Every structure is written in C-alpha cells, then in structure tokens.
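First the structure, in the form of structure tokens, and then the observations on it.
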Amino acid sequence: MHFEEALIKLGLTPIEATLYTTLCKHGALTGYEVAKLCGISRSNVYASLYSLQDKGKCYLLDEEPNKYIAVSKEDLLLSAKRDFDEVYQTLNTHYPESYKNSDPYITIKGYDNVVNKIRNTLLSCKSHLYILSTSEILETFKDILSDISTTKKVTIISDSHLIIGEAFIHTRSKAPIGFHMIVDTACVITGDLTNEASQCLFTSNQSLVRLMRESLITELEMIRLMNQ
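Numbering (our numbering), first residue to last: 13 to 240.
In structure tokens:
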C-alpha cells in the first residue's frame, strides 16, 4: 500500500491525498504553487485545500500571500489512531445481531481477500486447528502460525517438512492441491491460493466441518501407517 492509498483509507479523496503529500514534501505553499506542482486546476486545488482544512489535515497560515501547510506526521498519526479506535469500538459495540441461524457457504475471491480471511480465521483460533497445504503456501502464514502454535495445537499436513514454531508437521510425498483448514472444529476454509485466480469457500456448516475433519484424520492415519 502506498502513502496516498493509506490517506484515501483515512477518508481523503485522491486529489486531497495528492495535495497533502505535496505539502508534506514542499512545506508551506500557496494554492497557485500547489496547482503548479500537482498539475491540477486551481479551482480544484482551492476546493480540495479547503476540504483538507475542514478535515483537519492542513492549516492556512496567517500571512500574505496565503499559504497552506500539512499537519505534522505526529498529529496525523495520533488523529488516525484516535479515529480508528473510535471506529473499532463503534463497530464492536453496535454490530447488528443476525436474525438468521443458518451457516452459509461464503465464496471469497481475490488473492488479498483470501489471504486476509485466512489470517483473520487463524487469529480467531481458540484451541486447535488442522491445515492441509503445500509448503509454498504455508510460508505465507508461517509467522502467524508460529505464534499460534505456542498456545494452541496446530497440526499441519504438507509436502515437505517445515519448522513452524511448535506445530506438528506431517509430510506426504504428493503435494496437496489448494489450501484446506479447520479451526476449532467450528469452521473450514478450502480453496485455491494462487495469484492468478485465488478463491476459497468459508463456512461454519457442521456437515462440511465433520466431513473435512474425517478426511484429514484419515490422511494423518495413512501417513502414520506409511511411516511405521
């Protein structure tokens, strides 16, 4: 994520993010100077500078000619953290309760979206989890799995032996296809994790959870028998 992309996530428009970045780099500037540096019309620049002031991201200096200056890095970070904390608390407190008790099958598409869902699901682990995947894919989650394995039981089946914290690693000669995970015997994630066409299925449906759990237990038993 680039600096201006992060600013947009803070609520700035793309033009406002560009202007703020320009003020950070060049210090106090007039609206004309900002427009010249950014290659944006003066009318759009002045409107966006006014909006930046309103959002508390820049100040108008009391001098002639009028110049604008970005808020400091420290002020930006403090206000961003304060806003994030407030948003988090509001979401956590007022998240609407579902009226439905069904366990839907949710399809998640896109590499970043799939990785984020897997990470979030890993962080929700309370006691144990099972994973069947290739060593290449597991490298993506190695750090978080290492942390989890210190307090939770982590069992992994892969195509090569890895050292991932205190996780129990079981190897098989044939590389697994895709990524498959059960967390706390409560939910599953299964699918593909490739840059080109990443997609996974997430569900808490107990029928699928039991089916995948039985499959992984059978796989572990076969590995144990072959290693005898």
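Backbone N, C-alpha and C fix where the C-beta goes; we use that ideal spot for every residue, glycine too.
Small disclaimer: the values here were computed from a predicted structure and weren't measured.
So, is residue i buried or exposed, given that buried needs 16 or more other C-beta atoms within 10 angstroms?
i, result
"L89", "exposed"
"I175", "exposed"
"L243", "Look at the range of the chain in this structure, 13 to 240, and you will see that residue 243 is not part of it."
"V99", "exposed"
"I201", "buried"
"S145", "buried"
"L246", "In the structure displayed, the chain extends from 13 to 240; residue 246 sits before or after that span and is not available."
"G51", "exposed"
"A29", "buried"
"M224", "buried"
Specify, as a first and last residue, the run of the alpha helix (DSSP H) that residue i falls within.
i, result
"L89", "85-106"
"G43", "43-50"
"M238", "218-238"
"H14", "From DSSP, H14 is part of no alpha helix (DSSP H); its letter is neither H nor E."
"A29", "26-38"
Using the three-state DSSP reduction, which class does residue i fall into: helix, strand or coil?
i, result
"L174", "coil"
"D204", "strand"
"I156", "helix"
"L213", "strand"
"A241", "Outside the shown range of the chain, which is 13 to 240, sits residue 241, and nothing can be said about it."
"K165", "strand"
"L144", "strand"
What are the start and end residues of the beta strand (DSSP E) that includes residue i?
i, result
"Y62", "No beta strand (DSSP E) contains Y62, which is instead part of the alpha helix (DSSP H) from 54-66."
"K129", "Segment 123-135 is the alpha helix (DSSP H) holding K129; no beta strand (DSSP E) there."
"T183", "180-183"
Given a cut-off of 8 Å, decide if residue j and residue i are closer than it, judged by their beta-carbon atoms.
i, j, result
"F153", "L134", "yes"
"I120", "Q211", "yes"
"L24", "L61", "no"
"V166", "A179", "yes"
"V83", "G68", "yes"
"L205", "F191", "yes"
"L150", "I168", "yes"
"T34", "V46", "yes"
Any heavy atom of the ligand SAH closer than 7 Å to the CB of residue i?
i, result
"T30", "With respect to the ligand SAH, the structure offers nothing, as it holds no ligand at all."
* To do: Decide if the stretch 192-200 is in contact with the stretch 137-147; the criterion is three or more beta carbon pairs, one per stretch, under 8 Å apart.
  => Taking a cut-off of 8 Å for Cβ pairs, the stretch 192-200 and the stretch 137-147 touch, as three or more such pairs fall below it.
* Are three or more beta carbon pairs between the stretch 113-133 and the stretch 72-81 nearer than 8 Å? -> By the C-beta criterion, the stretch 113-133 is judged not to be in contact with the stretch 72-81, since fewer than 3 inter-stretch pairs fall below 8 Å.
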